[in-house]
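Novice: Just so we're aligned: 239 in my numbering is position 238 of the sequence shown, and the numbers increase by one with no gaps anywhere. Glycine included, every Cβ here is placed at the ideal spot set by N, Cα and C. These numbers were taken from a predicted model, which means no experiment stands behind them.
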Amino acid sequence: MLIVKKFGGTSVADKERIFNVAERCIREYEKGNDVVVVLSAMGKYTDELIAKAREINPNPPRREMDMLFTIGEQMSVSLTAMALAKLGVRAVSLNAFQVPMNTTSIYGNARIKKVDTERIRHELEDRKIVIVTGFQGINKYNDYTTLGRGGSDTTAVALAAVLNADACEIYTDVDGVYTADPRLVPRARKLDTITYDEMLDLAALGAGVLHNRSVEMAKKYNVPLVVRSSLNEHEGTLVRGVAKKMERMIISGVALDENADRISVIGIRDQPGSAFKLFNVLAKKGINVDIIIQSIGRHGTKDIAFTVAHENLRDAMETLENSQDMLGFESLECNEDVAKLSIVGAGMMSNPGVAAKMFECLYNNNININMIATSEIRITVLVAVKDAVRAMNAVHDTFCLGD
Ligand code: ADP
Ligand code: ASP
Ligand code: MG
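Spelled out as structure tokens, the structure:
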């Protein structure tokens with residue numbers, strides 16, 4: 002069997018943890034299996050690199066950021082290979098150039114295009130444990146790229162897909178995927194299984210336990226994922242295609258995204274093409290928007306509000322300010338003190354009243370809703386940051402998601 006194992010930052014945070022990872026890999030290897038390991042940077046090293054960069058330049062070029070980021074993962078793979086060597090097991094560490102792992106050109110948010118498997122296969126045939134840097138790739142200019150924060154999960158799933166692995170295990174600092182972030186909702190319950198679609202929504206809506214593109218890719222290539230702790234032997238959560246009917250709940254989880262900001266465009270012309278032009282200038286800058294609300298027009302104008310990720314706020318505001326004449330709006334406002342709270346569940350489709358129940362819960366807790374967005378399997382509301390964790394716990398209890 003070929004097993005891909007990915008270990009996140011906390012799992013390789015120090016010497017003891019690195020040896021713990023090495024020992025787990027050896028146990029797999031000694032069963033006769035081929036083992037490919039994907040690692041993140043140690044602990045919070047990626048955050049430390051960002052802080053270092055900002056000391057030099059508060060707005061560093063993205064290419065240079067990626068050049069800097071890659072040393073984090075390179076450090077953990079080489080140290081882990083050294084730990085394996087110390088324990089007497091053959092291992093080799095590989096970075097994105099050595100794999101090679103080809104991506105699109107966008108620094109800081111590249112997508113994997115093609116992964117060469119020849120070198121990895123050759124090393125596996127040589128009975129080595131192969132340790133690959135997560136998060137990084139190379140583009141057509143022969144530069145390093147990175148896949149976006151948390152992107153090592155996506156590296157692992159991509160490798161599992163191209164190598165046709167028998168299992169892809171994501172080791173982290175919690176026991177699996179929970180009904181809500183267990184650090185924010187103490188009563189959250191661990192799920193035994195969750196579907197790709199539900200996990201995709203949870204991940205996209207703020208549940209940082211898996212990089213959302215890793216789930217997208219797992220679904221596309223039908224790679225079952227197991228999310229589990231690197232610190233114990235508990236079973237973890239299986240992320241896969243279909244849920245067993247028995248286990249199907251109306252709501253599978255609650256997610257919070259405190260990284261969302263709201264922009265309001267006031268007094269834009271109420272005529273065909275306004276929304277198109279507005280969102281087109283943002284799209285051309287590569288800025289994603291999420292919840293969108295448009296008011297009813299009056300006196301020939303209307304207001305449009307939407308959310309963007311915090312890191313895009315400045316860029317979005319500047320882009321709109323520069324296009325004010327073309328778009329013809331009166332003013333712009335932004336609000337950073339907002340958070341997106343979402344409930345997700347495939348069972349919602351066939352159960353009316355889920356939205357009403359969520360809104361009633363927020364009303365009972367005196368929490369105001371700023372914006373609402375829904376799809377077949379999710380309901381998202383925008384609330385004030387100060388209310389967010391309280392709202393999350395209240396909604397979680399209302400749907401009886403806890404133990
Ligand atoms: P790693 O470094 O291993 O990739 P991350 O910090 O990226 O770890 O992801 C694990 C964290 O995700 C947990 O510590 C937890 O706080 C958070 N998290 C958010 N939502 C959930 C959820 N629904 N289930 C489990 N963990 C969650
Ligand atoms: N080290 C990178 C980050 O902190 C990638 C990852 O951990 O998945 O975002
Ligand atoms: Mg992660």
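1) CB-CB under 7 Å to Y145, same chain, minus the five flanking residues each way: which ones, in chain order?
2) Note the first and the last residue of the continuous alpha helix (DSSP H) segment covering D398.
3) Anyone know if the C-beta pair for V158 and A219 falls short of 9 Å?
4) Does the beta-carbon of R184, which I'm using as the reference point, lie nearer than 8 Å to any heavy atom of the ligand ADP?
5) Quick check: does the Cβ of D154 come within less than 8 Å of any heavy atom belonging to the ligand ADP?
6) Hey, A374 and I368: beta-carbon distance below 9 Å or not?
7) Ignore the nearest five residues each way along the sequence and tell me which others in G109's own chain have a CB closer than 8 Å to its CB.
8) With distances taken Cα to Cα, identify the nearest neighbour of I410 among D316, L402 and H123.
9) Bridge partners for F8 per DSSP, in chain order?
10) Quick check on the DSSP output: the beta strand (DSSP E) that includes S376 runs from which residue to which?
11) Would you mind sorting H212 into buried or exposed? The rule is 16 or more other CB atoms within 10 Å of its CB.
12) Could you check whether D35 and L3 sit closer than 9 Å to each other, using their CB atoms as the reference points?
13) How should G357 be labelled, buried or exposed, when 16 other C-beta atoms within 10 angstroms of its C-beta is the threshold for buried?
14) On the DSSP letters alone, give me the boundaries of the beta strand (DSSP E) that Q137 sits inside.
15) Taking Q325 as part of the alpha helix (DSSP H), name the residues at either end of that continuous run.
16) Would you say K303 and I269 are within 9 Å of each other, going by their C-beta atoms?
17) Can V255 and H397 be called in contact, C-beta distance under 9 Å?
18) Can you tell me which residues form a DSSP beta bridge with G254?
19) Under 5 Å, CB to any heavy atom of the ligand MG. Which residues pass, going along the chain?
20) I19 by DSSP, collapsed to three states: which one?
21) Residues in its own chain within less than 7 Å of A284 by CB, not counting five upstream and five downstream?
22) Would you say Y142 lies against chain B (beta-carbon separation less than 9 Å)?
23) Between which two residues does the alpha helix (DSSP H) carrying K53 extend?
24) How long is the line joining the alpha carbons of K129 and V90, rounded to whole angstroms?
25) Using a Cβ-based criterion (distance less than 8 Å to any ligand heavy atom), does Y179 qualify as near the ligand ADP?
26) On the DSSP bridge assignment, give the partners of A308 in chain order.
27) Using a Cβ-based criterion (distance less than 8 Å to any ligand heavy atom), does S94 qualify as near the ligand ASP?
28) Does the ligand ADP have even one heavy atom less than 8 Å from the beta-carbon of V210?
29) Mind checking I195: buried by the 16 CB within 10 Å criterion, or exposed?
30) Using the Cβ count rule (16 or more neighbours within 10 Å means buried), how would you classify Y30?
31) Bridge partners of S230, per DSSP?
32) Helix, strand or coil for V290 per DSSP?
33) Can you check DSSP and say which residues form a bridge with E334?
34) Could you tell me whether the region 328-343 touches the region 380-390, where touching means 3 or more Cβ pairs closer than 8 Å?
Specialist: Short version:
1) D67, M68, T71, A97, Q137 and I139
2) V386 to T399
3) yes
4) yes
5) yes
6) no
7) R63, M66, D67, T146, T147 and G149
8) In the structure as shown, the chain starts at 2 and stops at 404, and residue 410 therefore has no counterpart that could be examined.
9) L40 and Y172
10) M372 to S376
11) buried
12) yes
13) Residue identity differs from the one stated: residue 357 is Ala in this sequence, not Gly. Exposed is the call here.
14) Q137 to I139
15) Q325 to L328
16) yes
17) yes
18) V345
19) G9 and G151
20) helix
21) none
22) No chain B is part of this structure, which consists of one protein chain only.
23) Y46 to I57
24) 8 Å
25) yes
26) Per the sequence shown, residue 308 should be read as Thr rather than Ala. According to DSSP, T308 bridges with R263.
27) no
28) yes
29) buried
30) buried
31) T173
32) strand
33) S265
34) yes
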